[in-house]
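Quick mapping for you: the protein sequence lines, in order, are chains A and B. Taking the UniProt record's numbering, the leading residue of the first sequence gets 1, the next gets one more, and so forth. Taking the UniProt record's numbering, the leading residue of the second sequence gets 1, the next gets one more, and so forth. Glycine is no exception: its CB is placed at the ideal position from the N, C-alpha and C atoms. Remarks on the structure that follows.
There are 2 protein chains.
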Amino acid sequence: MGGSAPLPSEFRFIRRHFSALAGEGALGLTDDAALVRPPKGRELVIAVDTMVESVHFLPDDPPDTVGRKLLRCNLSDLAAMDATPLGYLLSVTRPHARGEDWFAAFAAGLRDDQAHYGLALLGGDTTATPGPLVLSLTILGHVRPGGALRRGGARDGDDIWVTGTIGDGALGLRVLRGELADASGVLARRYRLPEPRLGLGLGGIASAAMDVSDGLVQDLGHLARESGLGAWLDAASVPLSDAARRAGPGWLPTCLTGGDDYELLLAVPPDHEAALRRAAARGGVPVTRIGRFDRALKGVEVRDGAGGTLALDRPGWSHL
Amino acid sequence: MGGSAPLPSEFRFIRRHFSALAGEGALGLTDDAALVRPPKGRELVIAVDTMVESVHFLPDDPPDTVGRKLLRCNLSDLAAMDATPLGYLLSVTRPHARGEDWFAAFAAGLRDDQAHYGLALLGGDTTATPGPLVLSLTILGHVRPGGALRRGGARDGDDIWVTGTIGDGALGLRVLRGELADASGVLARRYRLPEPRLGLGLGGIASAAMDVSDGLVQDLGHLARESGLGAWLDAASVPLSDAARRAGPGWLPTCLTGGDDYELLLAVPPDHEAALRRAAARGGVPVTRIGRFDRALKGVEVRDGAGGTLALDRPGWSHL
């Protein structure tokens, strides 16, 4: 060849949009892999989440919220384990029609959230696709060895708690599809920008935890099954936002099964209630008791508050 | 709902195909994240690689080789850093038409390679797509702190070495496309199943390394640029397999720029030659000297062995 080798377009793309996001250990995003030194005496936590255009986000969602949503969904997995964020890797599978402006805004959103949540990009991969945009994010966190909250730790008689409010994300999707009105904008914002409940310090307080991503009833079913228990849920106790209440009671099943909440679902022994309330107050996050684990039940019973049970078409959302 | 909650189809899919691959720390693939305890006193290495159907593999490639190729490409990144495999996460973005049999064979291939290379599945994500199959694999390895081989460490006068043979993968793709004949089957096999050069113990011997994935000339350009040097390459010295030689000299540019080699490209000080040869012999991997880093050159000069330089249409492969 001779002469200075030009950077291939893939490298220029990475340099343009992602170099500013790279943290220590990322080696400038120019090496074969990244280096990670977990903080001394801590255990690593790792998870991956993938979002597909038109499946997990809408083609006309603002690009800065797409990156932030992807990062926040992954951060929510760390929150569910009581872990602290460390860094992430990003795989971008890019259709040709998706332009530079879109990725500039996408990366700007990530930069804002990185600063807010205290982590940085470690590495990634960029490739072309004839199909829709696919974004895959691998997140790394750390936790006290043996201290990670798990799904299988709930005990018979533990109360069921949730953080924040349930259903806003699912209703927000309906708002963006034009199926529901919400002048406040709260619901659409909650769909696009979930708030991972990091840093609550629930280790030693909760006996089990997971984040609510695929629908409250279905996800509670997972927590119960992994713990070898059944559970009941009082539908009237499930915390709803003002915007969700305004939508009306006909939307309650959507709230209970719709997914996209990214709130924490917790199993808490009754005598840990005060400690839970203190931790939640410190973190500025509301918590609400919505039911109980019960070994006498099979699966999840959704009670209607009038002595009956609520029939739901489906418990939640499957990605296949 | 009442009654035992059925597993959503996504969970059944994971259980059917991937539970058998799960290692320690994967938490049965049922939790929000996986736990990783790096071996005491070791630094973690992490990388992600994504493959898209029709871009990185052919729709009719045997499914067991698709999973193995994805894993091996990632293992090759670890090899380039002189790291030891630890585990991996897998994200499957699945078109509806891609059936169960395909994934059963895909997972069987992964299972074989896991056992061979000594690592296990830690976690993942599964989701549907209206587009082509996208497979994203995040690999974890470990290395002596400070001992990772990097791209930027080459010094003026270091010799350039490669492991194995160059060009077989690129020619194999042409064979599978019907553009080239190879009765031996060697070339197609090398395209489908690269051999990551793990465990050679090149730390302290090589001053820089990377794996050749996007074309020898282009990748050498990266190594040179990251090291602030130029380099020359003697085309006649580049090691070719018997099958590649049989293809004829007209295919040499394809070998030099085609990619999919997954051999190691090394910068080695001349007085480390004996140590390199010993390490390679222990690992049963041939190594060949093909050029030298030279601060007086800009970029990569490909010499033709007759006092001239070789003109190449492009140095390698860009993924965008």
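Pairing Gly201 of chain B with Asp82 of chain B, the inter-Cα distance amounts to about 6 angstroms. Taking C-beta separations shorter than 6 angstroms and ignoring five residues to either side along the sequence, the partners of Leu187 of chain A in its chain run Asp168, Leu171, Gly172, Val175 and Ala243, following chain order. Residue-level contact check: Ala128 of chain B touches chain A, since one or more beta carbons of chain A fall below 9 angstroms from its beta carbon. The C-alpha of Asp113 of chain A lies about 45 angstroms from the C-alpha of Leu276 of chain B.
As a beta-bridge residue in DSSP terms, Trp232 of chain A pairs with A:Arg292 and A:Glu301. Straight through space, the alpha carbons of Tyr88 of chain A and Leu140 of chain A are spaced by roughly 6 angstroms.
For Ala231 of chain A against Ile160 of chain A, the beta-carbon gap comes to about 6 angstroms, under 8 angstroms, which counts as contact. Pro85 of chain A sits buried, since 16 or more C-beta atoms from the chains shown fall within 10 Å of its C-beta. By alpha-carbon distance to Ala22 of chain B, the top candidate from B:Val45, B:Gln218 and B:Leu119 is B:Leu119. For Arg37 of chain A, the chain B residues whose Cβ falls inside 8 angstroms of its Cβ are Glu43, Leu44 and Pro145, in order along the chain.
Of all C-beta pairs linking the stretch 13-30 of chain B to the stretch 60-67 of chain A, fewer than three are shorter than 8 angstroms, placing the two stretches out of contact. Listed in chain order, the alpha helix (DSSP H) elements of length 4 or more contained wholly in the UniProt domain "PurM-like N-terminal" (31-143) of chain B are 63-80 and 100-117. A buried status is given to His272 of chain B, since no fewer than 16 other beta-carbon atoms sit within 10 Å of its beta-carbon. Ranked by Cα distance from Pro194 of chain B, the first of B:Ala47, B:Glu263, B:Ala306 and B:Leu35 is B:Glu263. For the pair Leu121 of chain A and Tyr191 of chain B, the Cα-to-Cα distance works out to about 31 angstroms. Taking a C-beta distance under 9 angstroms as the contact criterion, Asp32 of chain A and Ala80 of chain B qualify as a contact pair.
At a Cβ-Cβ threshold of 9 angstroms, Arg94 of chain A and Leu70 of chain A do not count as neighbours. Pairing Ala235 of chain A with Phe293 of chain A gives a Cβ-Cβ distance that is not under 9 angstroms. The shortest C-alpha to C-alpha distance from Ala183 of chain B to any of B:Gly164, B:Ser237 and B:Ala247 is the one to B:Ala247.
When secondary structure is reduced to three states using DSSP, Ile14 of chain A falls in the helix class. Any Cβ of chain B closer than 9 angstroms to the Cβ of Thr30 of chain A would place that residue at the interface, and such an atom is present. Given a length threshold of 4 residues, each whole run of the alpha helix (DSSP H) inside the UniProt domain "PurM-like C-terminal" (155-293) of chain A is given here in chain order: 168-176, 186-192, 216-226, 242-247, 252-257 and 273-283. The C-beta separation of Thr50 of chain B from Thr127 of chain A comes to about 5 angstroms, placing the pair in contact by the 8 angstroms criterion. In the assembly as shown, Ser136 of chain B is a buried residue. Its beta-carbon has 16 or more other beta-carbons within 10 Å. Listed by position along chain A, the residues whose Cβ is nearer than 8 angstroms to that of Val212 of chain B form an empty set, because the closest Cβ is around 11 angstroms away.
The C-beta of Val55 of chain B comes closer than 9 angstroms to at least one C-beta of chain A. Listed in chain order, the non-local C-beta contacts of Pro269 of chain A below 8 angstroms within the same chain comprise Arg155, Gly157, Asp158, Asp159 and Ser207, local neighbours out to five positions each way being set aside. Within 8 angstroms of the CB of Gly131 of chain A, the CB atoms of chain B belong to Val52, Thr129, Pro130, Gly131, Pro132 and Val134, in sequence order along the chain. Under the criterion of beta carbons closer than 8 angstroms, Asp214 of chain A and Gly259 of chain A qualify as touching, at roughly 5 angstroms. Glu226 of chain B belongs to the set of residues whose beta carbon lies under 9 angstroms from a beta carbon in chain A.
Annotated three-state conformation of Ala306 of chain B is coil, per DSSP. DSSP links Ala22 of chain A through a beta bridge to A:Leu121. In the three-state reduction of the DSSP assignment, Leu27 of chain A falls in the helix class, which pools H, G and I. For Gly178 of chain B, no CB of chain A lies under 9 angstroms from its own CB, so it is not counted at the interface with that chain. A direct Cα-to-Cα measurement between Ser76 of chain A and Phe106 of chain B gives close to 30 angstroms. In this structure, the alpha-carbon of Thr309 of chain A lies about 5 angstroms from that of Val302 of chain A.
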